[in-house]
Ligand code: ARG
Ligand code: ZN
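The structure is reproduced here in structure tokens:
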């Protein structure tokens, strides 16, 4: 029998904790099986607690050895123990303040969910966000309970780490003290045979901080870039936000088995090793980019997340949206700002717009959840970051900084809500943000449309917004949409310098005097004007700009806003692909425009590479769906290929010249300048291979001295059908886990669609396929679902069956990763009746499993609804 579905938790039901924690002492006697955890927790009744006064402690998978209150042992009659936790009734409590002591036993080696304390490759490590601490000991595992922690670790392993500052150590033990009150989700412990890449940092007030990146012996030469990124992040947060680091040490540990990217535990960040380890030979420019932004992200959480945390998990975007925004700002400052913005918007559209358009759409601040791990989503993170960006645009950079200063001043040490956050902005800027708040409480991507006409020397521009219904939200109120805009003449002259208008009602009409604008621009009054709207993607909306092809060609050639230049090209590409999908041929004017853009040597090579990239197959499926068509993944794949061939033919001389000109030479640096050249050069390589055959890619692969070039050659050769290439790559890299993840992934992602499922299946039989390792699982199964949509959506349904089989298998061990991967099914309503039936069949088969996790059952239910 299937368990009855668990009840959702609702924001509206929040109540403050009955007890607060004044101090925590933990002692760990580590063993892979039978780790003993002793806790001593000083509680005091919370005056604000509305509860009955019972002591409520969360606890899961714990063997309770003993417990006591103020030194008096408790018997089983003194408390109520359930699979979710332990309650001591108010009448058994000694008074408003008391000390709880307990000893529990846990089995880290058995912990395949990778939540709580677990082992990975011989080391012990933890992941407690969101609710993993309750698998370590009994505790009020909620973010609004904050306390200083003292931790003692006993183990024969040489390196023993926890949060805060080292307090004392001896042979076989170490003690740590974290003076900053924190919620349990920020607790961390690591023990292992580790080596450090060490450095130091002096903070703006002169405090000396020891920095360490802990890795397995042999990996210490792959930490330099992460360390460099850490030091630059620390400096940047001082300079841009005035935030200084607050402990004597900052430790980062790289772990091979990790469900997510990384975790911001106070003073002891734990990372998926793929976001720490890098050498030119093993990591791509993209990997370096990720390492930099994730190191920054986790470091920035020290203030936005740790010093100020969330009151409850509904407020997750309070820390995540803000911290993503901060890491995006950092990357924009560090690399090229326009390129960063385009890449962020590509991600937002690919993941968040997709989520918002389907059954999993939810508010940036959700109203309810069954399993909070299912809400670490692109909506909370990336759309959450967009809301901060809009707020900053609306109030201006100076007032934004003043508001942030006040936020840190007012709420340091507290667990806060979105209301607290917005109140700071209201108080500092004197604005009313009640309408802006709708962005947090309404799901779905607003649609903005523009219409305009030129008459009697004036431009009349009308903007309108529409908010499509989402699950549970049929009707919505208009939101506040900042629209950054400019106006161009048909020759590309700038008629209106950039300005931001606010669309906050259903519509807005604007009126411009063309004579006056022409006079200021020193040109004759034009009889046509081209609005350049939503510059820099000033709001997370879908814009129908109503521009003709000719208008967009002008913007592609002349828009002073690089984002809109790129956007004009992207929209022309999407339209061309849509026309080809229904039998049309590409317009040579687009290729001419691209050719001219590629020739602009003063343009950033990374920007040019982005302009050359086609919308993805998933973008095309969504575009087809939006146009009222039923997307055919096979046809979309073939059309994209045909477009690449057409582009390669039209641009061949230019691409060949760029291939030669963009070689940054043999001395590798991951900096933005070199990475940009390699990106453009490798784009040229892949396009040229569509018409030239494999010779250039073979030479490229043979000559590669870094992984960026090697993988570009490898994937191109996989597609052009070099029969031996996978074996050669394997033989060279079989001992490097992270590179082998790429090997697994690339073979599936670059397989011909009709072979993709068979190749993926064969790879799951490979001796190096360890499905309990989340990275490896994602390489093969994600390689199919995200990397090869036409293969995943094979009309036979083999891809759906393959995914369902693996989700069922993984769910029994690791519900979190299984649930996350199930989002591959979220777009099922886009497709034809046969595919819909096959997908719902697969979902129903999953739902019918005995003992399905709360994580996966919630996802399947929401997707199916
Ligand atoms: N707070 C972490 C970060 O954004 C992610 C933790 C995710 N945990 C989870 N259970 N989903 O860096
Ligand atoms: Zn985060």
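Numbering (UniProt numbering), first residue to last: 1 to 865.
All C-beta atoms in this analysis are idealised placements derived from N, C-alpha and C, irrespective of residue type, glycine included.
Let's see if you can read the secondary structure: which residues bound the alpha helix (DSSP H) around residue 581? Translated into the one-based positions of the chain shown, residue 581 becomes position 581. Residues 562-581.
Would the beta-carbon of residue 19 fall within 8 Å of that of residue 45? Reading the chain shown from its first residue, position 19 is the one you call residue 19. Reading the chain shown from its first residue, position 45 is the one you call residue 45. For residue 19 and residue 45, yes; Cβs fall inside 8 Å.
Could you check whether the Cβ of residue 130 sits closer than 7 Å to any heavy atom belonging to the ligand ARG? The count along the chain shown starts at 1 and reaches residue 130 at position 130. Yes - the ligand ARG has a heavy atom lying nearer than 7 Å to the Cβ of residue 130.
Going by the C-beta, is residue 262 closer than 7 Å to any heavy atom of the ligand ARG? Residue mapping note: residue 262 aligns to position 262 of the chain shown, counting from 1. Residue 262: yes, Cβ under 7 Å from the ligand ARG.
Roughly how far, in whole angstroms, is the beta-carbon of residue 461 from the beta-carbon of residue 510, given that I think they are within contact range, below 8 Å? Your numbering for residue 461 matches position 461 in the chain shown. Your numbering for residue 510 matches position 510 in the chain shown. At roughly 4 Å, the Cβ-Cβ gap stays under 8 Å, so residue 461 and residue 510 are in contact.
Pull up the DSSP beta-bridge partners for residue 176, would you. Residue 176 sits at position 176 when you count from the first residue of the chain shown. Paired residue(s): 151 and 166.
Quick one: complete alpha helix (DSSP H) runs, 4+ long, within the segment 785-865? 789-792, 798-811, 815-821, 833-847 and 854-864
Quick check: the Cα distance between residue 230 and residue 505, rounded to an integer number of angstroms? Your numbering for residue 230 matches position 230 in the chain shown. Your numbering for residue 505 matches position 505 in the chain shown. Between the C-alpha atoms of residue 230 and residue 505 there is a straight-line separation of about 43 Å.
Residue 436, DSSP secondary structure in three states: Along the chain shown, one-based indexing puts residue 436 at 436. DSSP places residue 436 in coil when its eight states are reduced to three.
Between the CA atoms of residue 237 and residue 11 - distance to the nearest angstrom: Counting from 1 along the chain shown, the entry for residue 11 is found at position 11. Counting from 1 along the chain shown, the entry for residue 237 is found at position 237. Looking at the two C-alpha atoms, the distance is approximately 32 Å.
Through-space distance from residue 29 to residue 470, alpha-carbon basis: Along the chain shown, one-based indexing puts residue 470 at 470. Along the chain shown, one-based indexing puts residue 29 at 29. C-alpha separation (whole angstroms): 50 Å.
Within this structure, are the beta carbons of residue 115 and residue 66 separated by less than 8 Å? Within the chain shown, numbered from 1, the residue matching residue 115 stands at position 115. Within the chain shown, numbered from 1, the residue matching residue 66 stands at position 66. No; because the gap between Cβ atoms is not below 8 Å, this pair is not in contact.
In angstroms, rounded to a whole number, what distance separates the CA positions of residue 100 and residue 215? Reading the chain shown from its first residue, position 100 is the one you call residue 100. Reading the chain shown from its first residue, position 215 is the one you call residue 215. Roughly 36 Å between the two C-alpha positions.
Would you report the Cα separation of residue 139 and residue 259, rounded to the nearest angstrom? As a first step, residue 139 must be located in the chain shown, where it is residue number 139. As a first step, residue 259 must be located in the chain shown, where it is residue number 259. Each residue's alpha carbon lies about 23 Å from the other.
Does residue 317 come out as helix, strand or coil in the three-state DSSP assignment? As a first step, residue 317 is located in the chain shown; it is residue number 317 there, counting from the start. Looking at residue 317 - three-state DSSP - the assignment turns out to be helix.
On a Cα-Cα basis, can you pick out the residue from 147, 303, 578 and 209 that is closest to residue 165? The residue given as residue 165 occupies position 165 in the chain shown. The candidate whose alpha carbon is nearest that of residue 165 is 209.
CA-to-CA distance, residue 150 to residue 341, given in whole angstroms: Within the chain shown, numbered from 1, the residue matching residue 341 stands at position 341. Within the chain shown, numbered from 1, the residue matching residue 150 stands at position 150. So the two alpha carbons sit approximately 42 Å from each other.
Can you tell me which residues form a DSSP beta bridge with residue 869? The question about residue 869 has no answer, for the chain in this structure spans 1 to 865.
Could you please give the first and the last residue of the uninterrupted beta strand (DSSP E) stretch that includes residue 146? The count along the chain shown starts at 1 and reaches residue 146 at position 146. Segment: none, residue 146 is in no beta strand (DSSP E) and carries neither H nor E.
What span of residues does the alpha helix (DSSP H) with residue 603 cover, start to end? The residue you call residue 603 lines up with position 603 of the chain shown. Looking at the DSSP string, residue 603 is not in any alpha helix (DSSP H), and its letter there is neither H nor E.
Of the listed residues 579, 167, 296 and 530, nearest to residue 489 (C-alpha basis): Here residue 489 corresponds to residue number 489 of the chain shown, with the count starting at 1. It is 530 whose Cα lies nearest to the Cα of residue 489.
At which residues does the beta strand (DSSP E) containing residue 208 begin and terminate? As a position in the chain shown, residue 208 is number 208, starting the count at 1. Looking at the DSSP string, the run of the beta strand (DSSP E) that includes residue 208 is 208-215.
Simplified DSSP state of residue 373, which is helix, strand or coil: On the chain shown, position 373 is the one that residue 373 refers to. Three-state DSSP puts residue 373 in a helix.
Under the criterion of a Cβ to heavy atom distance below 7 Å, does residue 816 qualify as lining the ligand ARG? Looking up residue 816 in the chain shown gives position 816. Checking the Cβ of residue 816 against the ligand ARG gives yes.
Classify residue 716: buried if its beta carbon has 16 or more other beta carbons within 10 angstroms, exposed otherwise. In the chain shown, counting from the first residue as 1, residue 716 sits at position 716. Counting Cβ neighbours within 10 Å, residue 716 comes out buried, since at least 16 surround it.
Which one or two residues does DSSP pair with residue 101 in a beta bridge? For the purposes of this step, residue 101 is taken as residue 101 along the chain shown, with counting starting at 1. In the DSSP output, where bridge partners are listed per residue, residue 101 has 40 and 68.
Do the segment 376-387 and the segment 316-325 meet, that is, are 3 or more Cβ pairs less than 8 Å apart? Pairwise C-beta distances place the segment 376-387 in contact with the segment 316-325, as three or more of them are shorter than 8 Å.
Considering only C-alpha positions, which residue in the set 568, 249 and 832 is nearest to residue 196? Within the chain shown, numbered from 1, the residue matching residue 196 stands at position 196. The residue with the shortest Cα to Cα distance from residue 196 is 249.
Enumerate in chain order the residues of its own chain whose CB-to-CB distance from residue 97 is below 6 Å, with the five nearest sequence positions on each side excluded. The residue given as residue 97 occupies position 97 in the chain shown. Around residue 97: 44.
Which whole-angstrom value describes the C-beta separation of residue 866 and residue 804, a residue pair presumed to lie in contact below a C-beta threshold of 8 Å? The chain is shown from 1 up to 865; residue 866 falls before or after that span and cannot be answered.
Range covered by the alpha helix (DSSP H) that runs through residue 768: Sequence index remark: in the chain shown, residue 768 carries index 768 (1-based). No alpha helix (DSSP H) holds residue 768; DSSP gives it neither H nor E.
Are residue 316 and residue 370 close, meaning C-beta to C-beta below 8 Å? Locating residue 316 in the chain shown gives position 316, counting from the first residue. Locating residue 370 in the chain shown gives position 370, counting from the first residue. Not a contact, by the Cβ cut-off of 8 Å.
Can you check whether the CB of residue 836 is closer than 8 Å to the CB of residue 829? Indexing the chain shown from 1 puts residue 829 at position 829. Indexing the chain shown from 1 puts residue 836 at position 836. For residue 829 and residue 836, yes; Cβs fall inside 8 Å.
Just tell me which of 691, 493 and 358 has its CA closest to the CA of residue 865. Translated into positions along the chain shown, residue 865 becomes position 865. Minimum Cα distance to residue 865 is reached at 358.
Does the pairing of the segment 478-486 with the segment 436-443 give three or more beta-carbon distances under 8 Å? yes
Helix, strand or coil for residue 764 per DSSP? Your numbering for residue 764 matches position 764 in the chain shown. Helix at residue 764.
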